[in-house]
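Numbering (the UniProt record's numbering), first residue to last: 1 to 718.
Virtual Cβ for every residue (Gly too), placed ideally from N, Cα, C.
Because the structure is a prediction, the values reported are computed rather than measured.
A short write-up of the structure that comes next.
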Amino acid sequence: MKNLVRFCSTIILGSQVLVATDVLAKTDSSIDIQAMRQFSEEEQKNILNQLSPIENRQNKNSNLQKDLVTIPEPATAQTMYHSMTQSSNQENHQLDSMSNSSDIPTNTTENSNDVVSDSSEVTKDTTEETNNAVSDSSDIPTDTTEDSNSVTSETFAQKVEGESDKASGNAKTEKPKRLSDRTVPSSNTKAIDGWRYREEEGHAIIEWYEGSDTDIVIPDRLNNLPTKLEVLDGYMFFNNEEVTSIRLAGTVGLVETTLDFQDSEGGFDRTRLPKLETLDLRGLDVSNITSMINLFKFSNAKTINITGWDTSKLTNMSGLFWATNKLETVLGLETLNTSQVVNMDFMFAGSNVKNLTGLENWNVSNVEEASLMFSEAHKLEYLNLSNWKLLKLKKADQIFRGTANLSVLDLTNWEVSEGFKNSIEPLDPGNAGYLVPLMVLTNNDLVLDKINGFPQRRPRQLNLDANGGQFSGNVSKVYYFTLAIKPDRLNMDLVKEFAQQNHPTKSGATFENWLDDKGNLLENVTDIFSILDTTFKAQWNRVAGPNAPGGSFKPLPDSTSKLGLYYLPNKFSIPTTQLNNKGEQVIPLVDGNNFHIGIKDQQSNSSWQLNAQLVWQTPGLDSSYIQSKNANGQVHKNKNDGQSAVQDTDFELTTEVTGQTNLQIGETEVAVMQGGQGARDAVYDYALGQAELVLPEVKNVQANQYTGNVNWNLIKAP
C-alpha cells in the first residue's frame, strides 16, 4: 500500500520572525549592513573661460569691430624726464573695425629716434621702448611669455583703438603721445626735498620727484608758491619702484587739460609702480580736465580715493579703472559729476573690486558709449545703477559680460534710448557656466525682455519642489523668479500666493504644506530676502495605501515607516495527497495563484533586499522547496486605490525593483527581490504564480503531518 501524506491547511504557514539578527554583507572588505525585521514599530524607527576675446572698440567712432583680438602687454622701459622724451613714432593702438579677419595686431620693437629740437638741452638716449603695431598680413602676437590659455587682466585689457588701414583706406596716423612724452624738462628747474620744479606764472610746476621716499606726499606749496603737476603718472617718480602710497598734501593743480593714456599703459601702470597700494588723490584739481582715458589702467593700487573731484567738464571716462586686478576699494564715486560724460566704455572692465557704491545716482543723460563697462569684473557681487537715464545711449554691448559673481543687479528705474532699443545684444549678464544665481531688478519692460531673452545665467533659486508629486504640466519644480523681475515681485504675500496657486498632486497622498531643508514653513516666512535661494518641498499626508491582493494580509497595517513588509501570503497549504513510490513529486499549492509579497518603499532612499527561507518544525522534508512560476522575476507596482478590491489591472510592471528569476524557497535563505540606490515611491509586488511544493525524493518521506514556516527577512543597507 502506498504511503499517504495528509497536509493540513497550516502545514506550511507564513509567519514573522520575532528576533532581529544583524547581517554582514561581504565583498572585498567587510561592510556592516543593518538587518531589518519588519515586525514592530520600535524596530521600524531604527531602520561649481576661458575668457573670450574682447571686442575691440574705437575711441572716436561708434562702429564696433566684431573680430576679437588679444594683444599682450608691452615691456616698458623706465625713462627719466631729464634725459630724453618718448618716441613720437608709436602707432595708434585703437583699431575699430577690421575688414579682414587676418589683420591681427602683432608686437614689434622700434627704436625711439625722435629727439628734442634743442639738442643742447636734452641728451639723446638709446633706450628701446617696445611698441604695438598693426601688420597688414596675418601676423599673430609674438609675445609668448604667457600661456595662451591663461586669463589675466593683461590679456583681458588689450583694447585696440583707431582705424585700421584696410578699414579706412587712409595712411597710418601717428599715435598721440603720452603726457610725459610731450614734456621737456626745463633747464631752470629747482629742487626742494627731492621735488624738481620750475616757477611759472605764480606757480611751482612740479616736473618730477627724484627722492627715495616710498610714502609719497605731493606738496601743495613749494617755495611759498601753489603747486601744479606737469604730468600725473608713474614717470614722475623716476625709477623708484618701491613706492607704496601716493597722496596730496592739499590742493594741487594740473597743467594739462586731459589725463589721457591711450597706449597700452595707464598713468600708474604696475611696470613703473609695482608696489603701489594706496592712491589718495583727494585735493587734485581736475576742474578743467575733459578726458581721463585709461588713467588708472593696470594699476596695482588696492585703494583709490578720488573724493571731491570736480569733473563737471569731463566727457570721456573710458578705461578709467580698466584691468585694476588688485583694486579693492574706490572712494568718492558718489561725488563725481558725470553730466557731460559721453564715453564710459571699459570703465571698470577687468577690475578686481567687489563692491562698487555711489553709482546709482550718476547723471548719465549724455552717455552714448558704455560697452563692456563692467565686463570681466569677476568679483563684483552687487551693483546698483537704479536711477540711470540713458537717454542718448547708442552702444552698451556686453556691458555686464563675465560678471561671474554678480548676484544682484539693480536697474530699477532705468530709462533707455531708441538707439539702445535697436541694439541686438545690449545686456549679456554672463554664461551658463556661472554657479552664482543672479537677480536683475527693473521696471523697464524693454530691459526685462532683453535680459530674459538671453538666459545665460541662472535666476535666484526660490523654488517649489513637488517632492514626489507633480505640478500642472507634469513638471516636478516651479520657479518664482525669472532672471529679470520687477521690484514689486519682492513681496512675501506674492510668494505665498504663488505657492497657493501651485499645489502639486500625488497619488495616494494629500498635500499638507511647504517646508525647506531647515524645517521652516513657507507660511511663517516674513522676509523674502532670507529665502532668495531656497527650495521649499511639498509635504504629504498619506491616505490609505493600496489594498492587499486576495490570500494576503498586512502584518503591520498601521505602520508609518517609509520601508517595510506591506503584505505577505496568509499561508501555503496542500490537500491530501497520494505520494509516488519514489522519485521527485511536484504538488500544486492550494490557491497558488494568489501568493503575493508586497514591499512598501516610500522614498526611503535606501538599498534593500527581501530574503525568504523555508523552515520545517516537523523533520523529514528538509530537502523540499517551494517553486515559484514567476520565471522572469517580474515585479509590479500595486496601484490599487485603497478603496476597492485588488484587480489584475492594478498591477503595473516596473524595473525600479529587481525580482529573482525561477525562485525556489528552500532550507537555504534566498533573495526574492531587491531595490538598489534611487528614489522609489510605491508598493512593489512579487507574485509567485502557480506555486508548487517540490519533494526531490518521495521514497524517504514518512507518513506524517508536517508543519513549517516561511521566514521573510527584509534587509536594509545604509
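Using the three-state DSSP reduction, which class does residue i fall into: helix, strand or coil?
i, result
"TYR479", "strand"
"PHE498", "helix"
"VAL23", "In this prediction, VAL23 scores a pLDDT of 32, lower than 50, which makes its location untrustworthy; the coordinate-derived value is nonetheless stated afterwards. In this structure, VAL23 counts as strand in the three-state DSSP scheme."
"residue 723", "No information on residue 723 is available, as it lies outside the stretch 1 to 718 that the chain covers here."
"LYS639", "coil"
"SER245", "strand"
"LYS699", "helix"
"TYR235", "helix"
"ASN405", "coil"
"SER287", "coil"
"THR618", "coil"
"ILE306", "coil"
"SER573", "coil"
"GLN705", "coil"
"ASN463", "strand"
"THR649", "helix"
"PHE296", "coil"
Give the straight-line distance between the Cα atoms of residue i and residue j, rounded to the nearest whole angstrom.
i, j, result
"SER112", "ILE218", "Caution is warranted here: a pLDDT of 36 is assigned to SER112, below 50, making its placement in the model unreliable, and the coordinate value is therefore given only provisionally. Computed Cα separation, rounded: 30 Å."
"LEU568", "HIS503", "35 Å"
"SER604", "GLY468", "12 Å"
"ARG680", "THR560", "16 Å"
"residue 721", "LEU259", "In the structure as shown, the chain begins at 1 and stops at 718. Residue 721 is therefore absent and cannot be evaluated."
"LYS228", "ASP269", "21 Å"
"ASP345", "ALA370", "4 Å"
"ILE715", "ASN662", "21 Å"
"ASN711", "GLU692", "17 Å"
"GLU381", "LEU653", "51 Å"
"GLY545", "PHE511", "15 Å"
"GLY202", "VAL231", "18 Å"
"GLN609", "LEU406", "48 Å"
"ASN491", "LYS450", "24 Å"
"LEU446", "LYS486", "12 Å"
"ASN463", "VAL478", "6 Å"
"GLY633", "ILE626", "15 Å"
"ASN524", "THR649", "43 Å"
"GLY283", "LEU254", "11 Å"
"SER318", "LYS496", "45 Å"
"VAL252", "GLY266", "20 Å"
The beta strand (DSSP E) with residue i in it runs from where to where?
i, result
"LYS600", "596-602"
"MET373", "That residue, MET373, is in no beta strand (DSSP E); it is neither H nor E in DSSP."
"ILE715", "708-717"
"GLY675", "670-675"
"MET344", "Careful: MET344 lies outside any beta strand (DSSP E) and carries neither H nor E."
"ALA396", "Segment: none, ALA396 is in no beta strand (DSSP E) and carries neither H nor E."
"ILE626", "625-627"
"MET439", "439-441"
"ILE218", "215-218"
"ARG542", "535-542"
"HIS203", "203-209"
"ARG458", "No beta strand (DSSP E) holds ARG458; DSSP gives it neither H nor E."
"LEU515", "509-515"
Does the Cβ-Cβ distance between residue i and residue j come in under 8 Å?
i, j, result
"LEU563", "LYS600", "yes"
"ASP220", "ALA249", "yes"
"LEU356", "LEU320", "no"
"GLY583", "GLU656", "no"
"TYR686", "GLY659", "yes"
"ASN547", "VAL646", "yes"
"LEU333", "VAL364", "no"
"LYS302", "THR278", "yes"
"ASN352", "LYS326", "yes"
"LEU331", "GLU368", "no"
"MET684", "LYS637", "It is worth fixing the name first, because residue 684 is Tyr in this sequence and not Met. For TYR684 and LYS637, yes; Cβs fall inside 8 Å."
"GLU242", "LYS190", "no"
"SER375", "ALA396", "no"
Excluding five sequence neighbours on each side, which residues of the same chain lie with their C-beta closer than 6 Å to the C-beta of residue i?
i, result
"ASP280", "ARG247 and ASN305"
"PHE498", "TYR480"
"ASN700", "none"
"residue 772", "Outside the displayed span of the chain (1 to 718) sits residue 772, for which this structure offers no information."
"ASN713", "ASN611"
"SER287", "ASP310"
Kindly say whether residue i, judged by its beta-carbon, lies nearer than 8 Å to any beta-carbon of chain B.
i, result
"GLY620", "Included in the structure is just one protein chain, with no chain B present."
What is the residue span of the alpha helix (DSSP H) that residue i lies within?
i, result
"ASP449", "445-452"
Within the same chain, show all residues whose beta-carbon is closer than 7 Å to that of residue i, passing over the 5 residues directly before and after it, in chain order.
i, result
"TRP195", "ILE206, TYR209, PRO219 and LEU222"
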